[in-house]
Amino acid sequence: MTVVRSVVLGCGAYLPERILTNAELAASVDTSDEWIVQRTGIRERHIAAEGEYTSHLATKAAQAALDDAGLTADQIDLIVLATSTPDHTFPATAVQVQAALGMTHGVAFDLQAVCSGFVFAVATADNFLRGGSAKRALVIGAETFSRILDWTDRGTCVLFGDGAGAIVLEAQEGWGTSADRGVLTTHLRSDGRHKHKLYVDGGPSSTQTVGHLRMEGREVFKHAVGMITGVIIDAFNASGTSADNVDWFVPHQANKRIIDASAQKLHIAPQKVVMTVDRHGNTSAASIPLALAAAVADGRIKKGHLVLLEAMGGGFTWGSALLRW
Ligand code: ACO
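Adding 156 to a residue's 1-based position in the sequence shown gives its number in my numbering.
Listed below in structure tokens is the structure:
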């Protein structure tokens with residue numbers, strides 16, 4: 157019996173021009189390149205220019221993904237955009253991207269699951285495609301976290317950056333086995349009891365301000381590896397696969413230590429791990445498609461490869477997606 161699978165047709169990414177190095181940060185807060193690299197693996201991050209918004213980064217990444225897929229915006233009927241740093245409280249950043257791409261049909265909306273946003277967006281688009289309410293989707297992660305950082309707090313400002321990434325998914329027929337191309341299984345979780353470990357201290361309904369990111373870094377670290385590995389084991393069990401079958405592990409790029417510890421616990425060999433956190437820091441919902449685009453561009457990820465995505469972030473939210481490229 158055949159099933160519907162959401163197959164990746166293309167991917168793209170965009171990073172703002174301005175690069176902020178660890179050494180530059182050390183000139184404004186009490187930190188050092190050595191501390192940041194040793195604790196996080198981050199060497200530099202990109203910062204959006206004045207007047208450059210999340211929707212602008214998202215549109216560039218989306219256009220790159222469309223070009224890679226050989227499609228135009230009129231062939232897309234769904235845009236799911238994951239962000240925690242929208243241009244405005246409303247309308248959704250996704251509809252700004254829809255307009256910028258010249259797309260006047262279909263539907264576009266934002267999704268908010270902080271750093272897990274891209275995995276949540278893939279799962280959402282996959283459900284639309286498998287349910288038959290859309291045929292081709294742009295799934296975008298785009299952020300301007302530089303705009304919600306407290307640049308005097310060395311515990312957080314060194315960790316994050318701006319960027320965007322996108323993939324195009326198309327509904328195609330598969331056989332319902334793990335040999336199919338496309339999204340094979342997704343597993344999403346959340347637990348609102350952890351709100352105060354990672355949050356923004358402002359918002360339209362509470363303070364009528366945008367607010368700044370606040371984090372208990374050590375607490376986040378403590379929960380991250382267990383949550384990540386839990387949803388990955390769920391993915392293996394649901395698809396009848398194991399770490400041995402994975403060609404590329406493309407985790408949320410928050411922190412090298414979290415990525416290394418997760419891969420080690422899952423027995424995923426270091427050479428299968430795609431790591432780009434050194435180049436752009438934690439770009440929240442944008443980090444996975446940025447890493448995907450890098451590994452596709454340099455020839456590592458190829459058609460037919462089994463690719464494992466995972467993320468964990470504020471909420472807490474966490475999730476995994478297993479797909480065959
Ligand atoms: N430079 C120098 N020293 C610093 C810095 C900095 N940038 N930031 C904190 N410190 C100091 C602290 O003040 C503290 O000093 P003290 O001992 O004199 O009090 C010391 O370093 C240790 O602080 P900790 O917060 O305990 O440091 P830790 O080893 O836990 O590393 C870090 C901090 C890197 C944030 C770590 O906890 C971490 O990686 N947590 C995960 C957070 C994360 O990745 N969040 C992203 C969002 S969630 C997600 O995407 C998964």
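Positions of the beta carbon are idealized from the N, C-alpha and C atoms, including for glycine.
Determine which residues share a DSSP beta bridge with residue i and list them.
i	result
I203	R174
T300	D318
I467	Per the sequence shown, residue 467 should be read as Ala rather than Ile. In the DSSP output, where bridge partners are listed per residue, A467 has G475.
E98	Because the chain in this structure spans residues 157 to 481, residue 98 falls outside the shown range and cannot be described.
N438	F316
R480	G338 and L462
S346	T473
Y355	R370
L294	I235 and V324
Report all residues from its chain with a CB closer than 6 Å to the CB of residue i; omit the five preceding and five following residues, and keep chain order.
i	result
G513	Since the first and last residues shown for the chain are 157 and 481, residue 513 lies out of range.
S162	D282, L285, L325, G338 and V339
G321	A169, A217, G297, A442, P445, L446 and A449
A248	F265 and D266
D347	F472
Pick helix, strand or coil for residue i, following the three-state DSSP scheme.
i	result
R337	coil
D266	strand
W404	strand
L305	coil
L222	helix
H368	coil
A169	strand
V185	coil
R195	helix
V236	strand
V429	strand
Q420	helix
F246	coil
Looking at ligand 1, does it come within less than 7 Å of residue i, judged from the CB to the closest heavy atom?
i	result
R286	no
L354	yes
V376	yes
A447	no
G469	yes
C271	yes
M431	no
R349	no
M259	no
L315	yes
W307	no
T187	yes
R345	no
A218	no
Which residues in the same chain have their Cβ closer than 7 Å to the Cβ of residue i, if we skip the five residues on either side of it in sequence?
i	result
D403	K428, H461, L462 and V463
Y230	The displayed chain sequence assigns Asp, not Tyr, to residue 230. Counting only Cβ-Cβ distances below 7 Å, and skipping sequence neighbours, we find M259.
D434	G197, I198 and R199
S521	The requested residue 521 is not part of the displayed model; the chain covers only 157 to 481.
Count the other C-beta atoms from every protein chain shown that fall within 10 angstroms of the C-beta of residue i, then say buried if there are 16 or more, exposed otherwise.
i	result
G470	buried
A205	exposed
G396	exposed
P426	exposed
E375	exposed
Q252	buried
R349	exposed
D318	buried
P360	exposed
S418	buried
I want to see whether chain C comes within less than 8 Å of residue i, judged by CB atoms only; does it?
i	result
A467	Although the question refers to chain C, the structure presented lacks it and comprises just one protein chain.
Can you list, in chain order, the residues of its chain whose CB lies under 8 Å from that of residue i, leaving out five sequence neighbours each side?
i	result
V270	S240, L354, S440, A441, G469, G470, G471 and T473
Report yes if the C-beta of residue i is less than 7 Å from at least one heavy atom of ligand 3; otherwise report no.
i	result
H436	The ligand content of the structure shown is limited to ligand 1, which means ligand 3 is not among them.
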